[in-house]
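Numbering (the working numbering), first residue to last: 7 to 276.
For every residue, glycine included, the Cβ atom is placed at its ideal position computed from N, Cα and C.
All of these numbers come straight from a predicted model, not from anything done at the bench.
Step one of this worksheet: look at the structure below.
In structure tokens, the structure reads:
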């Protein structure tokens with residue numbers, strides 16, 4: 007049965023390849039990016055390659071939370087039922103460290119933007135009979151500094167990226183508890199995959215991008231994971247495929263999760 011799938015950050019890297027794979031399987035896929043011309047080009051490319059005409063574009067700069075909120079309003083109106091949301095958009099290296107509100111762009115794109123958009127479209131996701139949310143975490147996870155989250159202090163690229171990914175994982179686990187009818191899984195798709203982000207950051211890669219694509223498609227579609235909500239899948243743990251493994255200890259600390267979400271809520275004015 008065809009599913010309606012949104013993949014953020016899907017104009018290149020494993021996001022684009024995952025969109026292509028899901029389109030080949032006949033699903034309705036929404037491609038997201040920050041550049042309208044690039045989104046349109048990718049939508050056309052996927053339609054042409056797969057002969058699937060049910061491919062659409064979504065445009066928003068995830069470093070701008072107002073733009074994210076506007077996109078969420080559009081999604082709520084235009085896509086009444088969402089079966090799968092893959093929060094793939096992410097950033098590591100960036101020329102501009104802060105967004106217009108003084109927040110670290112890594113924290114915004116990797117954690118706050120998916121938090122804002124997902125919560126805004128939850129009712130549409132709940133319309134699915136078997137809804138799933140796949141959040142792209144990382145093997146890099148570090149304790150979240152409230153000062154860094156609020157934009158009051160700056161940390162290194164590596165540290166802030168790792169903090170943003172742990173924040174995403176902590177929120178994922180909490181969301182799974184709050185929404186028992188939605189399967190929510192955090193996943194490290196694989197370290198140093200052959201993608202633009204990894205090559206720009208480190209100038210090298212360890213594994214082909216397809217390793218990440220395969221697990222994202224698997225987690226999105228396979229019945230094998232219907233009882234695995236609130237878990238962390240580490241795709242570094244095996245070859246060709248990893249397995250569920252412990253995330254950072256803070257991801258299981260109720261008081262730290264509560265504090266993170268309280269700070270997030272205040273920061274966003276929720």
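Which word fits residue i, buried or exposed, when buried means at least 16 other C-beta atoms lie within 10 angstroms of its C-beta?
i: residue 252; result: exposed
i: residue 89; result: buried
i: residue 244; result: exposed
i: residue 209; result: Its pLDDT being 46, under 50, residue 209 is placed unreliably by the model, and the measurement read from it follows with that caveat. Counting Cβ neighbours within 10 Å, residue 209 comes out exposed, since fewer than 16 surround it.
i: residue 153; result: exposed
i: residue 255; result: exposed
i: residue 98; result: buried
i: residue 8; result: exposed
i: residue 116; result: buried
The beta strand (DSSP E) spanning residue i covers which residue range?
i: residue 62; result: 61-65
i: residue 240; result: 237-240
i: residue 92; result: 90-93
Between the Cα of residue i and the Cα atoms of the options, which residue gives the shortest distance?
i: residue 159; options: 134, 178, 117 and 104; result: 104
i: residue 42; options: 25, 62 and 32; result: 62
i: residue 310; options: 173, 224, 227 and 194; result: Since the displayed the chain opens at 7 and closes at 276, residue 310 lies outside it and no answer follows.
i: residue 44; options: 17, 175, 28 and 35; result: 17
i: residue 57; options: 32, 80 and 270; result: 32
Please confirm whether residue i and residue j have their CB atoms less than 8 Å apart.
i: residue 168; j: residue 148; result: yes
i: residue 138; j: residue 188; result: yes
i: residue 106; j: residue 161; result: no
i: residue 21; j: residue 13; result: yes
i: residue 127; j: residue 78; result: yes
From the DSSP output, in three-state form, read off residue i for me.
i: residue 169; result: helix
i: residue 109; result: coil
i: residue 133; result: coil
i: residue 191; result: strand
i: residue 184; result: helix
i: residue 250; result: strand
i: residue 200; result: Unreliable placement is indicated for residue 200, whose pLDDT of 46 sits below 50; the coordinate value is still reported in the next sentence. Note: residue 200 maps to coil in three-state DSSP.
i: residue 210; result: Model confidence at residue 210 stands at a pLDDT of 43, short of 50, so the residue's coordinates are unreliable and nothing is read from them.
i: residue 17; result: coil
i: residue 81; result: helix
i: residue 37; result: strand
On the DSSP letters alone, give me the boundaries of the alpha helix (DSSP H) that residue i sits inside.
i: residue 263; result: 260-274
i: residue 125; result: 119-126
i: residue 55; result: 42-56
i: residue 139; result: Taken as a continuous stretch (DSSP letters only), residue 139 belongs to no alpha helix (DSSP H), being part of the beta strand (DSSP E) at 138-142.
Chain B beta carbons: is any one of them nearer than 8 Å to that of residue i?
i: residue 257; result: Of the chains in the structure shown, none is chain B; there is only one protein chain.
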